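I have placed the structure first, in the form of C-alpha coordinates, so that the comments after it can refer back to it.
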Amino acid sequence: MSRFHPLHTDIEKPREMNNPFDYEPHPLCQLAVNKLLSLIPPSDEGKMFGVLVVENEEKELGYLAAYSGQIYGMEDNENFVPAIFDYLQPDGYFKVHEAEITKINHSIENFKHDERILKAKQQLDEQTKRRDLAVSNYKAMMQEAKVRRDQRRQQGNVSEEEDAAMIRESQFQKAELRRIKNMFSQPIEMLSKYYSSYLQEIEQVKHLRKQLSDALQNWLFSQFNILNIHGESKNLLEIFADTVQKIPPSGAGECCEPKLLQYAFLHHYKPLSMAMFWFGPSPKHEIRHHLHYYPACRGKCLPILTWMLNLKNIPSISPENKVEEMKTLLDDRIVYEDKDLVVVDKPAGMLSVPGKSDEISVFDIMRKRCQDAECVQMVHRLDQATSGLLIIAKTKEAHKHLQSQFANHLIQKKYVALLSRPMTNVQRKGTISLPLRPDPLNRPYQIVDEMDGKTAITEYELVDEQRIWLFPHTGRTHQLRVHCAYYAGLNNPIKGDALYGTKDERLYLHAESIQLIHPTTNEPLFLECKTPF
58 MSRFHPLHTD IEKPREMNNP FDYEPHPLCQ LAVNKLLSLI PPSDEGKMFG
108 VLVVENEEKE LGYLAAYSGQ IYGMEDNENF VPAIFDYLQP DGYFKVHEAE
158 ITKINHSIEN FKHDERILKA KQQLDEQTKR RDLAVSNYKA MMQEAKVRRD
208 QRRQQGNVSE EEDAAMIRES QFQKAELRRI KNMFSQPIEM LSKYYSSYLQ
258 EIEQVKHLRK QLSDALQNWL FSQFNILNIH GESKNLLEIF ADTVQKIPPS
308 GAGECCEPKL LQYAFLHHYK PLSMAMFWFG PSPKHEIRHH LHYYPACRGK
358 CLPILTWMLN LKNIPSISPE NKVEEMKTLL DDRIVYEDKD LVVVDKPAGM
408 LSVPGKSDEI SVFDIMRKRC QDAECVQMVH RLDQATSGLL IIAKTKEAHK
458 HLQSQFANHL IQKKYVALLS RPMTNVQRKG TISLPLRPDP LNRPYQIVDE
508 MDGKTAITEY ELVDEQRIWL FPHTGRTHQL RVHCAYYAGL NNPIKGDALY
558 GTKDERLYLH AESIQLIHPT TNEPLFLECK TPF
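To convert, note that position 167 of the sequence shown is 224 in the working numbering; the numbers rise steadily by one, no gaps.
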(Lines of atoms letter the chains of each structure in order from A and count residues from 1; the text may use other names and numbers.)
(Lines give C-alpha, C1' and ligand atoms only; values in the text may rest on other atoms or scores of the structure.)
Protein backbone atom coordinates (compact mmCIF):
# COMPACT_ATOMS: atom_id res chain seq x y z
CA MET A 1 0.00 0.00 0.00
CA SER A 2 1.52 3.32 -1.07
CA ARG A 3 0.98 6.43 1.06
CA PHE A 4 2.34 8.61 -1.76
CA HIS A 5 -0.07 11.43 -2.68
CA PRO A 6 0.73 12.93 -6.14
CA LEU A 7 1.09 16.71 -6.46
CA HIS A 8 0.40 18.26 -9.86
CA THR A 9 1.64 21.82 -9.78
CA ASP A 10 3.99 24.33 -11.42
CA ILE A 11 5.34 25.49 -8.06
CA GLU A 12 9.11 25.42 -8.14
CA LYS A 13 10.78 22.76 -6.03
CA PRO A 14 13.07 23.86 -3.17
CA ARG A 15 16.80 23.68 -3.78
CA GLU A 16 17.47 21.73 -0.59
CA MET A 17 15.65 20.09 2.26
CA ASN A 18 14.57 22.61 4.91
CA ASN A 19 15.64 22.52 8.54
CA PRO A 20 12.66 21.19 10.56
CA PHE A 21 13.69 23.27 13.57
CA ASP A 22 13.76 26.63 11.78
CA TYR A 23 11.64 27.08 8.69
CA GLU A 24 8.87 28.90 6.90
CA PRO A 25 6.53 26.42 5.16
CA HIS A 26 7.39 26.09 1.50
CA PRO A 27 4.49 26.71 -0.96
CA LEU A 28 4.60 23.03 -1.89
CA CYS A 29 4.07 22.12 1.76
CA GLN A 30 1.21 24.59 2.01
CA LEU A 31 -0.37 23.02 -1.07
CA ALA A 32 0.04 19.56 0.47
CA VAL A 33 -1.54 20.72 3.73
CA ASN A 34 -4.53 22.17 1.89
CA LYS A 35 -5.06 18.83 0.16
CA LEU A 36 -4.58 16.90 3.40
CA LEU A 37 -7.20 18.82 5.38
CA SER A 38 -10.11 17.05 3.73
CA LEU A 39 -8.55 13.68 4.65
CA ILE A 40 -8.29 14.33 8.39
CA PRO A 41 -11.14 12.59 10.22
CA PRO A 42 -13.13 14.59 12.79
CA SER A 43 -12.04 14.43 16.43
CA ASP A 44 -12.73 16.23 19.70
CA GLU A 45 -8.99 16.44 20.38
CA GLY A 46 -6.32 18.43 18.62
CA LYS A 47 -3.24 16.81 17.13
CA MET A 48 0.00 17.63 15.36
CA PHE A 49 0.14 16.63 11.70
CA GLY A 50 2.97 16.82 9.22
CA VAL A 51 3.60 16.68 5.50
CA LEU A 52 6.77 15.79 3.66
CA VAL A 53 7.03 16.76 -0.01
CA VAL A 54 9.04 14.09 -1.86
CA GLU A 55 10.11 12.83 -5.27
CA ASN A 56 9.73 9.14 -6.03
CA GLU A 57 12.17 7.12 -8.12
CA GLU A 58 10.29 8.13 -11.28
CA LYS A 59 10.89 11.82 -10.40
CA GLU A 60 7.17 12.29 -9.71
CA LEU A 61 6.26 14.92 -7.16
CA GLY A 62 4.04 14.05 -4.20
CA TYR A 63 3.67 14.29 -0.46
CA LEU A 64 3.49 12.00 2.55
CA ALA A 65 1.31 12.72 5.59
CA ALA A 66 1.65 11.70 9.23
CA TYR A 67 0.33 12.48 12.69
CA SER A 68 2.19 12.47 16.00
CA GLY A 69 1.53 9.63 18.41
CA GLN A 70 0.53 6.02 18.12
CA ILE A 71 -3.25 6.22 18.22
CA TYR A 72 -5.68 8.53 16.49
CA GLY A 73 -8.48 6.08 15.77
CA MET A 74 -7.12 5.55 12.26
CA GLU A 75 -4.14 3.22 12.60
CA ASP A 76 -4.83 1.64 9.22
CA ASN A 77 -5.77 4.85 7.42
CA GLU A 78 -4.02 4.64 4.07
CA ASN A 79 -3.68 8.42 3.87
CA PHE A 80 -1.01 8.47 6.60
CA VAL A 81 2.33 6.75 6.94
CA PRO A 82 2.47 4.03 9.60
CA ALA A 83 4.34 4.10 12.90
CA ILE A 84 8.05 3.36 12.76
CA PHE A 85 7.40 0.49 15.15
CA ASP A 86 3.88 -0.66 16.00
CA TYR A 87 4.10 -1.91 19.57
CA LEU A 88 0.33 -1.91 20.23
CA GLN A 89 -0.48 -5.32 18.71
CA PRO A 90 -2.75 -7.05 21.25
CA ASP A 91 -0.64 -10.23 21.48
CA GLY A 92 2.70 -8.55 20.85
CA TYR A 93 5.67 -8.47 23.20
CA PHE A 94 4.95 -4.98 24.50
CA LYS A 95 1.27 -5.51 25.31
CA VAL A 96 1.94 -8.88 26.96
CA HIS A 97 4.62 -7.46 29.25
CA GLU A 98 2.63 -4.29 29.80
CA ALA A 99 -0.19 -6.51 31.09
CA GLU A 100 2.25 -8.05 33.59
CA ILE A 101 3.11 -4.58 34.89
CA THR A 102 -0.58 -3.73 35.05
CA LYS A 103 -1.13 -6.81 37.26
CA ILE A 104 1.59 -5.56 39.58
CA ASN A 105 -0.12 -2.16 39.70
CA HIS A 106 -3.32 -3.90 40.75
CA SER A 107 -1.48 -5.85 43.44
CA ILE A 108 0.01 -2.61 44.79
CA GLU A 109 -3.48 -1.10 44.93
CA ASN A 110 -4.72 -4.22 46.72
CA PHE A 111 -1.92 -3.83 49.25
CA LYS A 112 -3.13 -0.32 50.05
CA HIS A 113 -6.57 -1.70 50.95
CA ASP A 114 -5.38 -4.89 52.64
CA GLU A 115 -7.23 -5.37 55.95
CA ARG A 116 -4.08 -6.65 57.66
CA ILE A 117 -2.13 -3.51 56.75
CA LEU A 118 -4.99 -1.18 57.65
CA LYS A 119 -5.47 -2.94 60.99
CA ALA A 120 -1.74 -2.81 61.77
CA LYS A 121 -1.70 0.92 60.97
CA GLN A 122 -4.80 1.50 63.10
CA GLN A 123 -3.34 -0.38 66.09
CA LEU A 124 -0.06 1.50 65.80
CA ASP A 125 -1.85 4.85 65.66
CA GLU A 126 -4.10 3.98 68.62
CA GLN A 127 -1.21 2.80 70.78
CA THR A 128 0.81 5.88 69.90
CA LYS A 129 -2.10 8.16 70.78
CA ARG A 130 -2.55 6.36 74.13
CA ARG A 131 1.11 6.84 74.94
CA ASP A 132 1.06 10.50 73.93
CA LEU A 133 -2.06 11.13 76.03
CA ALA A 134 -0.65 9.34 79.07
CA VAL A 135 2.68 11.19 78.81
CA SER A 136 0.92 14.51 78.26
CA ASN A 137 -1.39 14.06 81.27
CA TYR A 138 1.45 12.97 83.55
CA LYS A 139 3.62 15.90 82.46
CA ALA A 140 0.76 18.26 83.26
CA MET A 141 0.49 16.73 86.75
CA MET A 142 4.26 17.05 87.19
CA GLN A 143 4.09 20.69 86.20
CA GLU A 144 1.35 21.35 88.77
CA ALA A 145 3.41 19.58 91.45
CA LYS A 146 6.48 21.63 90.52
CA VAL A 147 4.47 24.86 90.82
CA ARG A 148 3.34 23.80 94.33
CA ARG A 149 6.91 23.01 95.35
CA ASP A 150 8.19 26.32 93.99
CA GLN A 151 5.46 28.21 95.82
CA ARG A 152 6.22 26.37 99.05
CA ARG A 153 9.91 27.23 98.80
CA GLN A 154 9.09 30.88 98.11
CA GLN A 155 7.08 30.96 101.36
CA GLY A 156 10.27 30.13 103.29
CA ASN A 157 10.79 28.19 106.56
CA VAL A 158 11.21 24.89 104.65
CA SER A 159 12.76 22.29 106.89
CA GLU A 160 15.45 19.91 105.67
CA GLU A 161 13.03 17.01 105.94
CA GLU A 162 10.35 18.83 103.88
CA ASP A 163 12.89 19.90 101.25
CA ALA A 164 14.19 16.34 101.01
CA ALA A 165 10.62 15.10 100.58
CA MET A 166 10.02 17.54 97.75
CA ILE A 167 13.23 16.41 96.06
CA ARG A 168 12.16 12.77 96.41
CA GLU A 169 8.75 13.66 94.97
CA SER A 170 10.38 15.29 91.95
CA GLN A 171 12.73 12.34 91.44
CA PHE A 172 9.90 9.86 91.76
CA GLN A 173 7.77 11.70 89.21
CA LYS A 174 10.62 11.79 86.70
CA ALA A 175 11.19 8.07 87.20
CA GLU A 176 7.46 7.43 86.84
CA LEU A 177 7.41 9.39 83.57
CA ARG A 178 10.21 7.18 82.23
CA ARG A 179 8.27 4.10 83.37
CA ILE A 180 5.16 5.27 81.50
CA LYS A 181 7.17 5.83 78.34
CA ASN A 182 8.85 2.43 78.68
CA MET A 183 5.50 0.76 79.25
CA PHE A 184 4.42 1.81 75.77
CA SER A 185 7.76 1.55 73.97
CA GLN A 186 7.83 -2.25 73.52
CA PRO A 187 4.29 -2.69 72.08
CA ILE A 188 4.73 0.38 69.86
CA GLU A 189 8.07 -0.95 68.62
CA MET A 190 6.52 -4.36 67.84
CA LEU A 191 3.56 -2.81 66.03
CA SER A 192 5.89 -0.49 64.14
CA LYS A 193 8.03 -3.41 62.96
CA TYR A 194 4.90 -5.35 62.02
CA TYR A 195 3.56 -2.42 59.99
CA SER A 196 6.99 -1.68 58.46
CA SER A 197 7.23 -5.26 57.22
CA TYR A 198 4.11 -4.68 55.13
CA LEU A 199 5.50 -1.41 53.80
CA GLN A 200 8.75 -3.16 52.87
CA GLU A 201 6.76 -5.80 51.01
CA ILE A 202 4.99 -3.07 49.04
CA GLU A 203 8.33 -1.39 48.29
CA GLN A 204 9.75 -4.66 46.99
CA VAL A 205 6.82 -5.03 44.62
CA LYS A 206 7.25 -1.41 43.51
CA HIS A 207 10.94 -2.08 42.91
CA LEU A 208 10.05 -5.09 40.75
CA ARG A 209 7.57 -2.94 38.83
CA LYS A 210 10.27 -0.34 38.16
CA GLN A 211 12.71 -3.00 36.95
CA LEU A 212 10.14 -4.46 34.58
CA SER A 213 9.05 -1.03 33.36
CA ASP A 214 12.64 0.05 32.69
CA ALA A 215 13.38 -3.21 30.89
CA LEU A 216 10.27 -2.93 28.77
CA GLN A 217 10.99 0.70 27.94
CA ASN A 218 14.56 -0.14 26.89
CA TRP A 219 13.28 -3.03 24.79
CA LEU A 220 10.84 -0.67 23.11
CA PHE A 221 13.56 1.89 22.36
CA SER A 222 15.74 -0.86 20.90
CA GLN A 223 12.95 -1.78 18.44
CA PHE A 224 12.79 1.71 16.91
CA ASN A 225 15.42 1.26 14.19
CA ILE A 226 15.78 4.65 12.55
CA LEU A 227 17.16 5.07 9.03
CA ASN A 228 19.18 8.07 7.95
CA ILE A 229 19.61 9.74 4.59
CA HIS A 230 22.52 7.42 3.76
CA GLY A 231 20.54 4.23 4.44
CA GLU A 232 22.29 3.56 7.77
CA SER A 233 20.32 2.44 10.81
CA LYS A 234 20.46 3.14 14.57
CA ASN A 235 17.96 2.40 17.28
CA LEU A 236 16.79 5.06 19.71
CA LEU A 237 19.14 3.91 22.48
CA GLU A 238 22.11 4.36 20.15
CA ILE A 239 20.89 7.74 18.88
CA PHE A 240 20.43 9.17 22.38
CA ALA A 241 23.55 7.59 23.86
CA ASP A 242 25.66 10.68 23.09
CA THR A 243 23.09 13.21 24.32
CA VAL A 244 22.92 14.84 27.72
CA GLN A 245 19.84 12.87 28.76
CA LYS A 246 21.35 9.55 27.54
CA ILE A 247 17.93 7.83 27.66
CA PRO A 248 15.24 8.63 25.06
CA PRO A 249 12.21 10.43 26.47
CA SER A 250 8.85 8.72 26.42
CA GLY A 251 7.25 8.99 22.99
CA ALA A 252 10.53 9.44 21.14
CA GLY A 253 10.22 8.29 17.54
CA GLU A 254 6.44 8.76 17.51
CA CYS A 255 6.32 12.36 16.25
CA CYS A 256 5.25 12.91 12.66
CA GLU A 257 8.70 14.10 11.47
CA PRO A 258 10.64 10.84 12.00
CA LYS A 259 7.65 8.85 10.75
CA LEU A 260 7.64 10.78 7.48
CA LEU A 261 11.37 10.52 6.91
CA GLN A 262 11.48 6.83 7.83
CA TYR A 263 8.78 6.03 5.27
CA ALA A 264 10.52 8.14 2.63
CA PHE A 265 13.87 6.41 3.17
CA LEU A 266 12.29 2.95 3.16
CA HIS A 267 10.65 3.65 -0.22
CA HIS A 268 13.64 5.50 -1.71
CA TYR A 269 11.82 8.82 -1.94
CA LYS A 270 13.85 12.00 -2.00
CA PRO A 271 12.72 14.40 0.76
CA LEU A 272 12.30 17.98 -0.48
CA SER A 273 10.49 19.94 2.23
CA MET A 274 8.67 19.33 5.51
CA ALA A 275 6.11 21.22 7.57
CA MET A 276 4.15 20.46 10.74
CA PHE A 277 0.83 21.99 11.77
CA TRP A 278 -1.70 21.74 14.58
CA PHE A 279 -5.24 20.64 13.76
CA GLY A 280 -8.09 21.04 16.25
CA PRO A 281 -8.52 22.45 19.75
CA SER A 282 -5.48 23.60 21.72
CA PRO A 283 -4.21 21.20 24.40
CA LYS A 284 -4.35 22.13 28.10
CA HIS A 285 -0.64 22.47 28.78
CA GLU A 286 0.73 23.83 25.55
CA ILE A 287 -0.18 26.68 23.21
CA ARG A 288 -1.19 25.26 19.89
CA HIS A 289 -3.42 27.07 17.42
CA HIS A 290 -5.51 25.44 14.72
CA LEU A 291 -3.65 25.28 11.38
CA HIS A 292 -0.58 27.11 12.70
CA TYR A 293 2.81 25.74 11.66
CA TYR A 294 5.33 24.64 14.29
CA PRO A 295 8.99 23.57 14.32
CA ALA A 296 10.02 20.09 15.38
CA CYS A 297 10.31 19.57 19.13
CA ARG A 298 13.85 19.58 20.42
CA GLY A 299 13.52 17.20 23.35
CA LYS A 300 12.38 14.19 21.34
CA CYS A 301 13.20 15.05 17.74
CA LEU A 302 16.49 16.94 17.77
CA PRO A 303 18.75 13.88 18.24
CA ILE A 304 16.59 11.75 15.93
CA LEU A 305 16.37 14.23 13.04
CA THR A 306 20.01 15.18 13.42
CA TRP A 307 20.78 11.51 12.75
CA MET A 308 18.20 11.06 9.99
CA LEU A 309 19.08 14.19 8.00
CA ASN A 310 22.75 14.38 8.96
CA LEU A 311 22.19 17.91 10.24
CA LYS A 312 25.38 19.78 11.05
CA ASN A 313 24.40 23.28 12.05
CA ILE A 314 21.25 23.34 14.14
CA PRO A 315 20.49 27.00 14.81
CA SER A 316 20.51 27.63 18.54
CA ILE A 317 17.68 29.63 19.97
CA SER A 318 18.98 33.13 20.67
CA PRO A 319 18.10 34.74 24.04
CA GLU A 320 15.64 37.01 22.21
CA ASN A 321 14.00 34.06 20.49
CA LYS A 322 13.98 32.15 23.77
CA VAL A 323 12.10 34.97 25.45
CA GLU A 324 9.61 35.09 22.60
CA GLU A 325 9.15 31.33 22.67
CA MET A 326 8.69 31.22 26.45
CA LYS A 327 6.43 34.27 26.36
CA THR A 328 4.00 32.22 24.33
CA LEU A 329 4.16 29.53 27.02
CA LEU A 330 3.41 31.98 29.84
CA ASP A 331 0.58 33.65 27.90
CA ASP A 332 -1.44 30.54 28.63
CA ARG A 333 -0.53 30.63 32.33
CA ILE A 334 -1.72 34.13 33.21
CA VAL A 335 -4.04 33.73 36.19
CA TYR A 336 -4.88 37.42 36.65
CA GLU A 337 -3.87 40.72 35.04
CA ASP A 338 -4.88 44.37 35.16
CA LYS A 339 -3.07 47.68 34.83
CA ASP A 340 -1.36 47.27 38.23
CA LEU A 341 -0.20 43.70 38.38
CA VAL A 342 -0.04 40.34 36.67
CA VAL A 343 -0.12 36.96 38.39
CA VAL A 344 1.33 33.98 36.53
CA ASP A 345 1.34 30.24 37.19
CA LYS A 346 5.10 29.68 36.96
CA PRO A 347 6.03 26.24 35.62
CA ALA A 348 8.48 24.12 37.60
CA GLY A 349 12.03 24.51 36.30
CA MET A 350 11.75 28.16 35.27
CA LEU A 351 13.67 30.88 37.11
CA SER A 352 11.69 33.69 38.77
CA VAL A 353 14.46 36.22 38.13
CA PRO A 354 17.67 36.08 36.03
CA GLY A 355 20.48 34.00 37.48
CA LYS A 356 24.11 33.42 36.65
CA SER A 357 23.24 31.16 33.69
CA ASP A 358 21.62 32.29 30.46
CA GLU A 359 18.35 30.59 31.37
CA ILE A 360 15.25 32.65 30.70
CA SER A 361 13.31 33.82 33.75
CA VAL A 362 9.73 34.93 34.37
CA PHE A 363 11.10 38.47 34.80
CA ASP A 364 12.70 38.35 31.32
CA ILE A 365 9.45 37.22 29.77
CA MET A 366 7.27 39.71 31.64
CA ARG A 367 9.58 42.60 30.79
CA LYS A 368 9.22 41.69 27.11
CA ARG A 369 5.49 41.10 27.43
CA CYS A 370 4.60 44.23 29.42
CA GLN A 371 6.62 46.82 27.51
CA ASP A 372 3.90 49.43 27.90
CA ALA A 373 3.80 49.12 31.69
CA GLU A 374 5.32 51.83 33.91
CA CYS A 375 7.69 49.20 35.28
CA VAL A 376 8.01 45.44 35.64
CA GLN A 377 9.11 44.40 39.13
CA MET A 378 8.95 41.04 40.87
CA VAL A 379 7.08 41.29 44.15
CA HIS A 380 8.40 37.96 45.45
CA ARG A 381 10.09 34.83 44.13
CA LEU A 382 9.63 31.09 43.87
CA ASP A 383 12.44 28.55 43.77
CA GLN A 384 13.25 27.46 40.23
CA ALA A 385 12.01 23.95 41.02
CA THR A 386 8.73 25.18 42.54
CA SER A 387 5.64 25.82 40.44
CA GLY A 388 2.69 28.09 41.12
CA LEU A 389 1.51 31.64 41.63
CA LEU A 390 3.96 34.49 41.18
CA ILE A 391 3.08 38.20 41.41
CA ILE A 392 4.64 40.85 39.15
CA ALA A 393 3.93 44.56 39.69
CA LYS A 394 3.37 46.80 36.66
CA THR A 395 3.59 50.14 38.50
CA LYS A 396 5.98 51.44 41.15
CA GLU A 397 3.08 52.20 43.47
CA ALA A 398 1.69 48.69 43.14
CA HIS A 399 5.15 47.24 43.80
CA LYS A 400 5.56 49.33 46.96
CA HIS A 401 2.05 48.48 48.18
CA LEU A 402 2.45 44.72 47.61
CA GLN A 403 5.91 44.60 49.17
CA SER A 404 4.49 46.31 52.24
CA GLN A 405 1.82 43.63 52.45
CA PHE A 406 4.49 40.93 52.35
CA ALA A 407 6.58 42.72 54.97
CA ASN A 408 3.57 42.98 57.29
CA HIS A 409 2.50 39.36 56.67
CA LEU A 410 -0.83 40.44 55.16
CA ILE A 411 -0.53 38.18 52.12
CA GLN A 412 -1.72 34.63 52.71
CA LYS A 413 -0.22 31.86 50.60
CA LYS A 414 -1.04 28.18 50.44
CA TYR A 415 1.36 25.61 49.02
CA VAL A 416 0.66 21.97 48.25
CA ALA A 417 3.43 19.40 48.59
CA LEU A 418 3.91 15.67 48.39
CA LEU A 419 6.20 14.29 51.08
CA SER A 420 8.78 11.59 50.44
CA ARG A 421 7.08 9.01 52.63
CA PRO A 422 3.85 8.56 54.60
CA MET A 423 3.60 10.61 57.79
CA THR A 424 3.03 8.74 61.05
CA ASN A 425 3.02 9.85 64.67
CA VAL A 426 2.48 13.51 63.84
CA GLN A 427 -0.36 15.94 64.48
CA ARG A 428 -2.52 16.62 61.45
CA LYS A 429 -2.12 20.36 62.00
CA GLY A 430 0.74 22.27 63.51
CA THR A 431 3.25 25.11 63.32
CA ILE A 432 6.96 24.86 62.60
CA SER A 433 9.24 27.66 63.77
CA LEU A 434 12.86 27.11 62.80
CA PRO A 435 15.12 30.13 62.09
CA LEU A 436 17.11 29.86 58.86
CA ARG A 437 20.25 31.28 57.30
CA PRO A 438 22.39 30.36 54.27
CA ASP A 439 25.28 27.96 54.68
CA PRO A 440 28.16 30.07 53.29
CA LEU A 441 30.36 27.02 52.72
CA ASN A 442 27.68 25.04 50.93
CA ARG A 443 25.39 27.32 48.96
CA PRO A 444 22.52 27.24 48.10
CA TYR A 445 21.74 25.12 51.14
CA GLN A 446 19.98 26.76 54.09
CA ILE A 447 20.57 25.69 57.66
CA VAL A 448 18.71 26.04 60.94
CA ASP A 449 20.49 28.44 63.29
CA GLU A 450 18.83 29.35 66.59
CA MET A 451 21.40 32.11 67.24
CA ASP A 452 21.91 33.88 63.91
CA GLY A 453 19.08 32.57 61.74
CA LYS A 454 16.13 34.69 60.63
CA THR A 455 12.68 33.82 61.93
CA ALA A 456 10.89 31.32 59.70
CA ILE A 457 7.38 30.12 60.56
CA THR A 458 5.22 27.63 58.66
CA GLU A 459 1.79 26.26 59.45
CA TYR A 460 0.94 22.87 58.01
CA GLU A 461 -2.05 20.60 57.60
CA LEU A 462 -1.88 17.00 56.47
CA VAL A 463 -4.39 16.18 53.74
CA ASP A 464 -3.50 12.49 53.69
CA GLU A 465 -0.44 10.45 54.59
CA GLN A 466 1.80 12.19 52.05
CA ARG A 467 -0.04 15.23 50.72
CA ILE A 468 0.28 18.34 52.84
CA TRP A 469 -0.80 21.98 52.81
CA LEU A 470 1.84 24.51 53.82
CA PHE A 471 1.08 28.08 54.91
CA PRO A 472 4.27 30.18 55.24
CA HIS A 473 4.09 33.17 57.60
CA THR A 474 7.55 34.25 56.47
CA GLY A 475 9.32 33.99 53.14
CA ARG A 476 12.83 32.66 53.78
CA THR A 477 14.79 30.92 51.04
CA HIS A 478 13.93 27.19 50.95
CA GLN A 479 11.79 27.68 54.07
CA LEU A 480 9.16 25.08 53.25
CA ARG A 481 11.72 22.60 51.99
CA VAL A 482 13.86 22.86 55.13
CA HIS A 483 10.89 22.86 57.51
CA CYS A 484 9.67 19.63 55.95
CA ALA A 485 13.09 17.93 55.77
CA TYR A 486 14.66 19.05 59.07
CA TYR A 487 14.49 16.53 61.90
CA ALA A 488 12.95 19.09 64.26
CA GLY A 489 10.38 19.98 61.61
CA LEU A 490 8.42 17.24 59.86
CA ASN A 491 11.54 15.12 59.31
CA ASN A 492 10.18 14.20 55.90
CA PRO A 493 11.61 15.91 52.78
CA ILE A 494 9.34 17.07 50.00
CA LYS A 495 9.31 14.49 47.22
CA GLY A 496 11.80 15.30 44.48
CA ASP A 497 13.83 17.71 46.62
CA ALA A 498 17.33 17.20 45.21
CA LEU A 499 18.89 19.44 47.88
CA TYR A 500 17.27 18.19 51.06
CA GLY A 501 15.91 14.81 50.01
CA THR A 502 16.02 12.61 46.93
CA LYS A 503 15.84 13.79 43.33
CA ASP A 504 12.76 12.88 41.31
CA GLU A 505 11.25 14.02 38.01
CA ARG A 506 10.36 17.33 39.69
CA LEU A 507 10.06 19.01 43.09
CA TYR A 508 6.52 18.27 44.23
CA LEU A 509 5.85 21.73 45.64
CA HIS A 510 3.26 24.09 44.18
CA ALA A 511 2.06 27.55 45.24
CA GLU A 512 -1.65 26.88 44.78
CA SER A 513 -3.40 29.99 46.13
CA ILE A 514 -2.71 33.51 47.30
CA GLN A 515 -4.85 36.16 48.98
CA LEU A 516 -3.87 39.84 48.97
CA ILE A 517 -5.27 43.35 49.04
CA HIS A 518 -5.42 44.90 45.58
CA PRO A 519 -2.96 47.84 45.58
CA THR A 520 -5.41 50.23 43.91
CA THR A 521 -8.93 49.14 44.86
CA ASN A 522 -7.96 47.96 48.38
CA GLU A 523 -10.38 45.06 47.85
CA PRO A 524 -9.43 41.48 48.82
CA LEU A 525 -8.18 39.45 45.86
CA PHE A 526 -8.08 35.64 46.01
CA LEU A 527 -6.30 33.74 43.22
CA GLU A 528 -5.82 30.03 42.69
CA CYS A 529 -4.14 27.65 40.26
CA LYS A 530 -4.74 23.97 40.81
CA THR A 531 -1.87 21.70 41.75
CA PRO A 532 -0.58 19.72 38.72
CA PHE A 533 0.28 16.59 40.71
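By construction, the Cβ of each residue, glycine as well, lies at the ideal position given by its N, Cα and C atoms. All of these numbers come straight from a predicted model, not from anything done at the bench.
- Beta-carbon to beta-carbon, K552 and L475 are separated by about 4 Å, close enough to satisfy the 8 Å threshold.
- Between the region 276-290 and the region 516-533, the count of Cβ pairs shorter than 8 Å is below three; the stretches do not touch.
- E69 is classed as exposed because its beta carbon has fewer than 16 other beta carbons within 10 Å across all chains shown.
- For F583 and L366, the gap between their C-alpha atoms comes out near 51 Å.
- Proximity of the region 258-266 to the region 154-169 meets the contact definition, three or more beta-carbon pairs being nearer than 8 Å.
- A straight-line Cα-Cα distance of about 18 Å links V419 and R563.
- Under DSSP, K451 takes part in no beta bridge, so it has no partner.
- Residue pairing by DSSP places Q184 opposite no residue, since no beta bridge is assigned to it.
- Counting only runs that start and end inside the region 242-314, the beta strand (DSSP E) elements of at least 3 residues fall at 282-284 and 290-292.
- Excluding sequence positions up to five before and after E416, its CB lies within less than 7 Å of the CB of L408, all in the same chain and listed in chain order.
- Rounded to whole angstroms, the separation of the alpha carbons of V138 and V110 is 13 Å.
- In this structure the region 288-295 does not lie against the region 184-196, because fewer than three pairs of beta carbons, one per stretch, are closer than 8 Å.
- From the listed residues R72, R60 and C86, the smallest Cα separation to T66 is found for C86.
- Counting the other CB atoms within 10 Å of its CB gives P305 a total of 16 or more, which places it among the buried residues.
- Secondary structure remark: continuous beta strand (DSSP E) runs of at least 3 residues inside the region 463-541, in chain order: 469-475, 486-490, 493-495, 503-505, 514-519 and 524-529.
- With a contact defined as Cβ atoms closer than 8 Å, T512 and L537 miss out at about 15 Å.
- Shown here, D389 sits in coil according to DSSP, grouped into three states, outside any helix or strand.
- A contact is defined here as three or more CB-CB pairs under 8 Å, and the region 143-152 fails this definition with respect to the region 250-257.
- Here P529 really is in contact with K470; their C-beta atoms are around 6 Å apart, less than 8 Å.
- Residue range K104 to E112 is occupied by the beta strand (DSSP E) that includes G107.
- Annotation: the continuous alpha helix (DSSP H) that includes H154 extends over Y150 to K169.
- For M435, the secondary structure class from DSSP, reduced to helix, strand or coil, is strand.
- In the structure shown, Y350 adopts extended strand secondary structure according to DSSP, grouped into three states.
- Assignment of G553 by DSSP, reduced to helix, strand and coil, places it in the strand class.
- The Cβ neighbour count for D207, taken over all protein chains shown within 10 Å, is under 16; the residue is labelled exposed.
- The C-beta separation of K357 from A309 comes to about 5 Å, placing the pair in contact by the 8 Å criterion.
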